[in-house]
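In the working numbering, the protein residues as written are 350 to 1066.
A virtual CB, placed ideally from N, CA and C, is assigned to each residue, including glycine.
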Amino acid sequence: MIRQFQLVEAVRAYDPNVNEDGLNRAYVFSMKAHGKQTRASGDPYFSHPLEVAGILTEYKVDSATIMTALLHDTIEDTDATFEDITAICGEEVAKLVDGVTKLTRIEFQSDQAKQAENFRKLVLAMSQDIRVLLVKLADRLHNMRTLHFITKPEKRHRIATETMDIFAPLAERIGMQELKAELEDLAFAELNPKARRSITRRLEFLRERGEDLVEKVIIELKLVLANNGISAEISGREKTPYSIWRKMQTNEVGFEQLSDIMAFRVVVSNLEDCYKTLGVAHRRYPVVPMRFKDYISTPKPNGYQSIHTGVFGPERQRIELQIRTSDMHAIAESGVAAHWNYKQGEASKDGKQYRWLRELLDILEHADGPEEFLEHTKLEMFQDQVFCFTPRGDLINMPTGATPVDFAYAVHSEVGDRCVGAKINGRMMPLRSQLRNGDQVEIVTSKAQTPSPTWERFVVSGKARARIRRFVRIQEREQYEKLGRSILRRSFKDEDYEVSDKGLAGVLKIFQQPSVEDLCAQVGSGHIGGRDVLEAVYPGVKKKPEAPDENIVPISNARSGSEKSHDEAVSIRGLIPGMAMHLASCCHPLPGDRIVGIVTTGCGVTIHTIDCEQLKTYHDQPERWMDISWGDSTHTQQNQVGRVFLSVANVPGALGDLSMVIAKNNGNISNLKITNRAGDFYDLLIDIEVQNVKHLTEVIAALRASPVTHTVDRARG
Ligand code: MN
C-alpha cells in the first residue's frame, strides 16, 4: 500500500505546484470514511482508492484528480456526503467525486451488444469533465486487477464483459492505449481463460526457443540505426495475449502461422528521423506486405501518431515496428491525459472544465476516413444528448431537453401518439418534464389519446415534432373542411339551395382548387366566402348587396341569427377548439351560451359569447360575423373552461371549502388567481373546466351556497 507521503511525492515529481495540503486532507478523510470496511481480497477498503490514485499518478494528472481518486467511493459506500467533501476538499473535487458516483450508479446491460455503443456514449455524456472518466477508468483497472478475489462467477463475468464492451473502448477512444490493452487482457483472462492459456503457453514456448530474442533484436536495430546517424530509444515487447487472439480472429490464421508476436517501439527525437528510420528499416529488412500504415500523416481520431510497418527482422522473425517521436509517444501512452498535461501550463487555475472536452474534440477532429469521421460526428453530438432507459433496460438517446413525449416517440410512433402520462424513476411526472441522463422512463398510454398540439411547444426531437405536426396538419385540414361544409350548407340554404359535392366539383376551376375537400377547407379557413361559392355554382342567384345595411349588422344581425333555427347557423359540433375553431379567451364561451363567430382569414373562426365586450372591435367589419350554433348537442367532446369571479371571506380554510364545493360538483379547477386581497374579503378568479353552461351554473349555485362566499359571478371580458 502506498503511504501518504509517497503519494504526495509521486505527484510532486511531475507537478511542482502539487496541492499537498489538499492531497493530505483527501487521504485522511477517505481513510476515516472507509474505516473498517474491507474488500473481497480481505484488504482494508481504503487500499482501493489509494491504488486508483497511484495508477493516476502514472498519467501525471492534476492534484484535484488524485484527490477525486482518493474520495471516489466515499459518497457511494460511506456516510460521507457531497457537502462534507465540499467543506473539506472544495467544490471542484466534490463535483468530480459526484460525477464518478453517478457513473458508478449506472447499471450496464452489456449483454446486449448492440447497446454497447450507446452505453459508451452515456458514459461520455455523463463525464462532463474528462477527469471523471479518467478516475472511472483507473477505478475499473484496479477492480479488474483484483477481479479474481470475487467469488461469484456471474459477477466476475459481468464485470469483465462490461470492461471489454464499454471501458476498454472508452480508454482507446481517449487515447489511453496502455490502459486499454491491460483492461482488455484482464477481461480476456476472465471471459476466455482457455484461449488465453493456450496463447500464453505458445508464447512461453517461443520465448524458450528463441532465447532472449527481444533483447537481440533491440541491440541489432540500435546498431543499424546508429550506423545511419539516428539515435533512438528502442523498446520491445510481446503483444498481449488478447491482441494476438484478436489478430487470429480477424485474420483467420492459426496460432502456428502467427509469428509476429513482438512489437518494437522506436522513439526518435524529430519527425525527420521517423521517416529516415523507416527508410533504413525497409532497405535493411524484407518488408511484410500490407502492414505499412502512416498514422503520422493521418493520425487516428484519438490523436495517435506513429508509423507502423512489418518486416522480417534480424532473426528472420516477423516483427512490427512502431516509429514515432517522443511527443507522439507520450500521447500514444496516455492520450488525453498527456495532451492535457502539456497544456496545463496555459490552463487557468480555476480549472476550465469544458476546455478539456474541447481539446478532446479537437483531437478527434483529425478523423481518418468516412467511417471514423462519422464516429467523430456522433461523438461531438453526445454533449447535446440525453440518455434514458426503458423499463426493460434499453437505452434511448435523445437531444438534450427531451421530455417523456420525445422518449415515447423514440420508443415507437404509436407509443408517442397514445401517451397520456409518464413515470420518471418510478414517479408520475408531467409530460413536459426535462429528462436527465440515466433516468428510467415508463410511458402510460391510452387508446383514446391523440397527439396534442400543445406538445409541440415542448418537444425537442425531430421525430416527435414531425409526427405531431403531421397529425395536427391532417386534423386541422379535416376541421377546416368540416367547418367549410357547415358554412356552405348555411350559405346555400339562405337561398333555398342544397349544397352537393357534384355542384362544388363543377366550380373547382374557378377557385383553383384541386378537390372538393380543398375547396371546403378554403371556405372553412376563411380564404373563400361561402356566398362566393354559392354564386359560382348558381350564377343566376342575386348578387350579395354591395354595402351591408347598417341597421342589420352587426349586433342585430347576430341577434337575429341566433334566434334563427339551428339549421341556419353554422354548426361547430365536433370541432376541436384550437384548430379551425377557437373559443375566445376574453369571454370563455361554454356550450349552451348564445354565441357568435368572428372569421379570421387563415385561422378559421373565433367564438365569442353574444354579450362579449370584445365584439365591439368588429362592428365595422360585418363581413367577418357569422351565425354559429353549438349544434345538436350542448356537449363538446372535451370539457371547456368557464371563468368565475368570487369575493370570499378572509378566513382560514376558505379556499379549501371552495375547492371542495367545485370538486363535489365535478368541476376541475384549471387556474386560480387572487386579484385583490384587501381586508376581510378577497377577490378571486377561478377557471373551472365544465361540460357546458348548465354545468357551470350548477357549480356557481353551489358556490353561492357556501358560507365563505360573498358574491359569485361568471366573469366576462
Ligand atoms: Mn472504486
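Asked, Found
"Nearest-angstrom Cβ-Cβ length linking R480 and T414, presumed shorter than 8 Å", "5 Å"
"Proximity of R767 and S810 at Cβ, strictly below 8 Å", "no"
"Enclosing beta strand (DSSP E) for D969 [first to last residue]", "Run containing D969: none; DSSP gives neither H nor E here."
"N-terminal and C-terminal residue of the beta strand (DSSP E) that I672 is part of", "667-674"
"Length of the line joining the Cα atoms of V615 and R361", "29 Å"
"A797 versus V769, A815, R776, I1037, residue with shortest Cα-Cα distance", "V769"
"Cut-off 8 Å between Cβ atoms - residues of its own chain near G951, not counting five sequence neighbours on either side", "S874, G875, H876"
"Reference K385, options D426, H421, N373, D364, closest by Cα", "D426"
"Range covered by the alpha helix (DSSP H) that runs through P748", "That residue, P748, is in no alpha helix (DSSP H); its beta strand (DSSP E) goes 744-748."
"Candidates N999, D969, F537, N619: closest to S675 by CA position", "N619"
"Nearest neighbour of G1028, chosen from S1055, V1000, A1051 [CA to CA]", "V1000"
"Beta carbon of G524 nearer than 8 Å to that of Y363", "no"
"Proximal residues to H931 (C-beta, below 8 Å), its chain only, five neighbours per side dropped", "C952, G953, V954, T955, I956"
"Strand pairing of C768, partner residues [DSSP]", "T794"
"Element boundaries [alpha helix (DSSP H), containing L572]", "562-576"
"Burial state of F554, where buried means 16 or more other Cβ atoms lie within 10 Å", "exposed"
"Segments assigned alpha helix (DSSP H), at least 4 residues, entirely inside the segment 466-515", "479-494, 502-511"
"Three-state secondary structure (DSSP) of D843", "helix"
"Cβ-heavy atom distance, D447 to the ligand MN, below 7 Å", "no"
"Beta-carbon contacts of P800 that lie in its chain and below 8 Å, excluding the five residues immediately before and after", "G765, D766, R816, I817, F820, V821"
"CA-to-CA distance, R489 to F641, given in whole angstroms", "34 Å"
"Bridge partner(s) assigned by DSSP for R640", "In the DSSP output, where bridge partners are listed per residue, R640 has none listed."
"Residue of E621, I437, A679, M611 minimising C-alpha distance to T658", "M611"
"Nearest-angstrom Cα separation, counted from V760 out to R806", "20 Å"
"Any non-hydrogen atom of the ligand MN within 7 Å of H421 CB", "yes"
"Proximity test, H397 beta-carbon vs the ligand MN heavy atom, cut-off 7 Å", "yes"
"7 Å Cβ shell around V573 - same chain, five flanking residues per side excluded", "V629, R633"
"Simplified DSSP state of I817, which is helix, strand or coil", "helix"
"Distance cut-off 7 Å: D488 Cβ against heavy atoms of the ligand MN", "yes"
"Cβ neighbour criterion (16 or more within 10 Å) applied to S920", "buried"
"Closest by C-alpha distance to L1052, when choosing among A998, P753, K649, D755", "A998"
"Same chain only: Cβ atoms within 6 Å of G980, ignoring 5 sequence neighbours per side", "S920, R922"
"Continuous beta strand (DSSP E) stretch holding Y1031: start and end", "1030-1039"
"Own chain residues within Cβ distance below 7 Å of F395, not counting five before or after", "S379, M380, H383"
"When D960, Y1031, Q963 are compared against F994, the one with the closest alpha-carbon", "Y1031"
"Whole-number beta carbon distance between V449 and I515, since they are thought to touch under 8 Å", "That pair is no contact at about 15 Å."
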